[in-house]
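Under UniProt numbering, the first residue of the sequence shown is numbered 1, with each subsequent residue one higher.
Please read the structure below before turning to the comments.
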Amino acid sequence: MNKESDLYPSNNIHEFVKSMSDLTFITNAPNQTLKDRFEQLIKDCQSFDCLVAYFYISGFHLIYKSLEKTEKIKILIGIGTSRETYNLMNVSGNQLLSHSETKQEVEKMVESEMGDSEDNQNVEEGVRKFVEWIKEGKLQIKAYPSQNIHAKVYIMTFKEGDRDVGRVITGSSNFTQSGLLDNLEFNVELKNRSDYEFAKRQFEELWKDAVDVSEKYIQTISERTWLNQTITPYHLYLKFLYEYFKEELSKSDEIFTQYFPENFKSFDYQKQAVINAKRILEEYGGVFISDVVGLGKTYISAMLAGQLDGRTLVIAPPALLNKNNPGSWQNVFADFHLPANFVSIGKIDEAKRLTEQREYKNIIIDEAHRFRNETNINYEKIAEIARGKRVILVSATPYNNSPKDLLSLIKLFQNTKKSNIPGVTNLEEFFGRLESKLKRVDRQKDYNKFLEITKSNAKEIREKVLKYLMVRRTRKEIEKYFAEDLKKNKIKFPQVEDPKPFYYQLNEHEDSIFMESIRLITQEFKYARYTPLLYLKKGINSQQEQSQKNMVGFMKVLLVKRLESSFYSFKKSIERFINYYEMFIKEYREGRVYISKKYINKIFELSEAEDDETIQKLIEEGKAEKYESKDFNPEFEKDLKKDLEILKEIRTMWQSIKRDPKLETLIENLKNHKILKNKKIILFTESKETAEYLSENINNSLGNIALVFHGNSPETIKDIVIENFDARSKNQKDDYKILISTEVLSEGVNLHRSNIVINYDIPWNPTRLMQRVGRINRIDTPFNKIYTFNFFPTKQADSQIELTNIARSKIEAFLTLLGGDTSILTEGEPVSSHELFNKLLSKDTIAPEEEEESELKYLRLIEDIQKNNPELFEKVKHLPKKARSAKVLSEPLKDIARPQSLITFFRKGKLMKFYLSNKSKPAKETDFLTAAKIFESTADEKRTNILTQHYYELLDKNKSTFYDATIEEIIVDTRQRGSKNEIELLKILKVTQKNGKQLTKDQEEYLNQIITKIEEGGIPKQTVKKTLTSLNKISKEIQNPLKVIGVLQSEISPAFLKSHYAQTAAVTEGKREVILSLYLGEDNDE
1 MNKESDLYPS NNIHEFVKSM SDLTFITNAP NQTLKDRFEQ LIKDCQSFDC LVAYFYISGF
61 HLIYKSLEKT EKIKILIGIG TSRETYNLMN VSGNQLLSHS ETKQEVEKMV ESEMGDSEDN
121 QNVEEGVRKF VEWIKEGKLQ IKAYPSQNIH AKVYIMTFKE GDRDVGRVIT GSSNFTQSGL
181 LDNLEFNVEL KNRSDYEFAK RQFEELWKDA VDVSEKYIQT ISERTWLNQT ITPYHLYLKF
241 LYEYFKEELS KSDEIFTQYF PENFKSFDYQ KQAVINAKRI LEEYGGVFIS DVVGLGKTYI
301 SAMLAGQLDG RTLVIAPPAL LNKNNPGSWQ NVFADFHLPA NFVSIGKIDE AKRLTEQREY
361 KNIIIDEAHR FRNETNINYE KIAEIARGKR VILVSATPYN NSPKDLLSLI KLFQNTKKSN
421 IPGVTNLEEF FGRLESKLKR VDRQKDYNKF LEITKSNAKE IREKVLKYLM VRRTRKEIEK
481 YFAEDLKKNK IKFPQVEDPK PFYYQLNEHE DSIFMESIRL ITQEFKYARY TPLLYLKKGI
541 NSQQEQSQKN MVGFMKVLLV KRLESSFYSF KKSIERFINY YEMFIKEYRE GRVYISKKYI
601 NKIFELSEAE DDETIQKLIE EGKAEKYESK DFNPEFEKDL KKDLEILKEI RTMWQSIKRD
661 PKLETLIENL KNHKILKNKK IILFTESKET AEYLSENINN SLGNIALVFH GNSPETIKDI
721 VIENFDARSK NQKDDYKILI STEVLSEGVN LHRSNIVINY DIPWNPTRLM QRVGRINRID
781 TPFNKIYTFN FFPTKQADSQ IELTNIARSK IEAFLTLLGG DTSILTEGEP VSSHELFNKL
841 LSKDTIAPEE EEESELKYLR LIEDIQKNNP ELFEKVKHLP KKARSAKVLS EPLKDIARPQ
901 SLITFFRKGK LMKFYLSNKS KPAKETDFLT AAKIFESTAD EKRTNILTQH YYELLDKNKS
961 TFYDATIEEI IVDTRQRGSK NEIELLKILK VTQKNGKQLT KDQEEYLNQI ITKIEEGGIP
1021 KQTVKKTLTS LNKISKEIQN PLKVIGVLQS EISPAFLKSH YAQTAAVTEG KREVILSLYL
1081 GEDNDE
């Protein structure tokens, strides 16, 4: 007999029990529960004695109504001792606890039980009745000071003259809901007088030696459980902060000192960043160090590296790997005596070789936003380098405007379809949803809606993803919340002034040519020489067509930028365009056209190239595929000729321009402006030719005071830059007053011997403005103020207001005429034509304080209490699980909550959520900052009454919504989703699995690993695409599993089979917990 059906006459065990028992046996079968039997017997009792190993007061509500007429209730419990107490008893050899130890164990038992009790009104009423009866003397509870009591005996003594003297029920049931109602139990009811008298006698003997814990029960329930009526709104607010910031509060400053160089000036805000970053890194495998520019991200990263085990590899821009640069990674790591290897961001292959030769545990990627594009060939390599390692991404601007930008960076340390970020298991779906919201809106036609969605997306990303992965503070936050430490270290951030405009005035003739040039290059010019594939008779696919259209936009923007940069650079560009057009037309007429479809992607990768000469050379060198002239539609030659005519027309127009009003305005201000005169100045332009042109003219007018630096400058010039403009340089020189630089110096080099930035070109992407000013706005700048000046074209006018209005209209003309190509000019920055001008003259663009509300406010508050009021901190720390309080809803809160609402703080593993509900609406999730506003209370704020029935209705709403939210992520994760290429590749691999009889076990396991990694989103899209392309090339042999395995091994790096560093950590595992709740009442609540 080994089957259940052989052992029992029925598969239903309750049926079996029922079939062989009468009222003597109580099994918790339907209609035969111990609770049912108690209700029948206890209502007639004079006294009720209970001896149990486990008594759960939260189950008292099940029978207390039957005990209303009982005169005396005595409950004797055993002690389920804690491990510490059990060990102590064994060491001492004493199996009995002292009275005080017994009471302590009871206190722990009650506190633990109430913390896990059901959340309903019946439980609360039962516990309150229990306490009431103790106070009245009707109920007494004692604990036997031994861990050896395991009996379960219930003695009922009837009133004199009743059916008999009493009854005894004994068996397996403890006094818990499970024992009384839910579990399968075996209990027997004894009716003989001798059984009753024996049980009564034994009970009284034990009772005599037991410790009275009645008062301890009252004290524990009223002080150490959620029924504590003295928890004020203020104490609950502090408990809310304690629970939310618990990990940050466990920090210790001592961990840093061993790494600090002698006389190193450390700041609390940097230490706090390191502690936070290390926690994030260990939990999620990666972290964004994204403080705004100038706050020492390099130092923070080095301090973080000092806390980590294993080798560290730093990948950074060349400017930050120059040993002559005091702020370079080598120098900062040397200051901290930290070993590391350093590789230029342009030498990813070298970094890859290093990681193949040595075992690295930590990868630091500076200016990480350069890897936002997953289709970039270097992205695949950086993903391979990062796999299985801690990834530290250093960037003040990791998120531009496309949600997918950020996803690509997160993918370096997270599986995007199986992440361990709380609440967002499927990152592909999350970011895809946000991306699709943006795509549904026409940016040009409904800019306000586009901006609204962009801001909404940024908020959702910040609250649901970046709060777990990013360390980012603004200067305003640091000044506000670390003021004392900054003062102690004599650090004061400079005041950033609003940017000032320099208007260069065009006369009537100049203005007409300027505006006509814009019109021609944006409206009339076809850019046919750069889009030959559009004219092929055989046609092209949609992807090639889009690439060609993108090329039009790119070249159009290039010319617009040159025109705005300087007359000189524009005329040089027009000459080059004419030259390349004439060469191309000559080739066409000779019957041949050379085209490379590959150069397009290369150009977009180099879209930040400093001049069009670089672009033109790239196009010429990229030629590979030969076409006959007859392969093209006749419109091709026609458009080529028309374009050349327009170019020559523009050249002719500009030959009549004899002066340069923009240069004249610059020279005049350098000579006479009170802020600029004889000061060190950083001047930015996007054009190398403009930079060299300015240098020559400034030096001719003002003496040899200007130094030029651009992408083609030798490294020796960079050393001169550092010596003349970096305040930390050990070899200070004063040979130059003005540094003229292209964008190449907008990142990575400190230039804070100056406090003035001049933007000679309009910074069409306001983020660039912030990066440029960040070069001089450093934490150790010696200046009190930061100045910025921006050049704008305008027309000669009599008043400043008129000059401003004309300049504004010209900016609008640029953007309006560019139409859909505006996003190329602004590099994706969502900004309208009327808004851009205002942004460029606002200091908020330079020193953005976009996150006015900060979690730092609340962290610093609870840290201050921890440090300066340990008694209060201790009290808050020990407030009970599921603590609750109530307060009157104040007027300021009525915008976010209604009277008679409940806000509840929940936790599941690392996941923390907040839900707010009221009678008329379902529960809704709210973010931390909103929750903090609701919980925030003053020390003298009074606790009001909680409407009990209403409270539990609202709590149930909140709990149900939280439960649904945490279940939903599991459902989402199980759905099969992916890109078109991923789905196609998975189909091939699953067919290979079915046909895999030829495969060895190792090959089968390898194939399973590849499938799993693709399903989890753990393989870069470019790798998936390349693999699919290679498999399509062997389509005739695709049924051969060995051929498929060969392609996989060739195209997919073994690194991608590794798990991400923290992928094994199941952050959202754990039971769902109610941490605390606050009831918001009205003045008239009773």
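For glycine and all other residues, C-beta sits at the position ideal for the given N, C-alpha and C.
Note that this is a predicted model, so its numbers are computed, not measured.
Per DSSP, reduced to three states, the secondary structure at residue 847 is coil, with no helix or strand assignment. Taking C-beta separations shorter than 8 angstroms and ignoring five residues to either side along the sequence, the partners of residue 322 in its chain run 328, 715, 718, 719 and 722, following chain order. Look at residue 537 here: in three-state DSSP terms it is coil, with no helix or strand label. DSSP places residue 544 inside the alpha helix (DSSP H), whose first and last residues are 542-565. Residue state for residue 349 is assigned as helix, using DSSP reduced to three classes. At least 9 angstroms separates the beta-carbon of residue 248 from that of residue 686.
For the UniProt domain "Helicase ATP-binding" (278-416), the continuous alpha helix (DSSP H) assignments of 4+ residues that do not extend past its boundaries occur at 297-305, 329-335, 348-357, 377-386 and 403-410, in sequence order.
Across the structure, residue 397 and residue 293 are spaced so that their CA atoms are roughly 9 angstroms apart. Around the beta carbon of residue 156, a 10 Å sphere encloses 16 or more other beta carbons of the protein chains shown; the residue is thus reported as buried. Exclusion of the five residues before and after residue 417 leaves 426, 428, 1016 and 1017 as the residues of its chain whose Cβ lies within less than 6 angstroms of its Cβ.
Residue range 1001-1015 is occupied by the alpha helix (DSSP H) that includes residue 1003. Taking the CA atoms as reference points, residue 703 sits about 16 angstroms from residue 664.
Checking the DSSP bridge columns, you'll see residue 594 partnered with 626. Residues of the same chain with a CB within less than 8 angstroms of the CB of residue 587, apart from the 5 flanking positions on each side, are 593 and 594 in chain order. Straight-line measurement puts the Cα of residue 887 at about 39 angstroms from the Cα of residue 70. Looking at the backbone, the Cα of residue 541 and that of residue 1040 are separated by about 31 angstroms. No residue range can be given for residue 250, since it is assigned to no alpha helix (DSSP H) and is classified by DSSP as neither H nor E. Relative to residue 1044, the option among 991, 438 and 1074 whose CA is nearest is 991. 476 is the residue among 1003, 476, 1049 and 800 whose C-alpha sits nearest the C-alpha of residue 854. Fully contained in the stretch 29-66 are the following beta strand (DSSP E) runs of length 3 or more, in chain order: 45-52. The beta carbon of residue 495 lies closer than 8 angstroms to those of 784, 785 and 786 in the same chain, with the five residues before and after it left out. Listed in chain order, the alpha helix (DSSP H) elements of length 4 or more contained wholly in the stretch 636-707 are 661-672 and 688-702. With contacts defined as CB atoms closer than 9 angstroms, residue 944 and residue 934 fail to qualify as a contacting pair. Counting the other Cβ atoms within 10 Å of the Cβ of residue 405 gives 16 or more, which makes it buried. Partner residues in the beta bridge of residue 25, as assigned by DSSP, are 188. Under the three-state reduction of DSSP, residue 904 is assigned to strand. Here residue 1034 is exposed, its C-beta having fewer than 16 other C-beta atoms within 10 Å.
Assigned with DSSP and collapsed to three states, residue 932 falls in helix.
Residue 29 places its beta carbon 9 angstroms or farther from that of residue 152.
Judged by DSSP secondary structure, residue 127 falls outside any beta strand (DSSP E) and instead within the alpha helix (DSSP H) spanning 121-136.
According to DSSP, residue 740 shares a beta bridge with 683 and 708. Spatial neighbours of residue 676 in its own chain (CB-CB distance under 7 angstroms, excluding positions within 5 residues in sequence) are listed in chain order as 669, 670 and 756. Closest option to residue 337, judged by alpha-carbon separation, among 359, 303 and 536: 303. Taking a contact to require three or more Cβ pairs closer than 8 angstroms, the stretch 264-275 and the stretch 437-449 do not qualify as touching.
If you draw a 10 Å sphere on the C-beta of residue 1042, you find fewer than 16 other C-beta atoms in it, and that means exposed. Scanning its chain for C-beta atoms nearer than 6 angstroms, with the 5 sequence neighbours on each side dropped, one finds around residue 127 the residues 57, in chain order.
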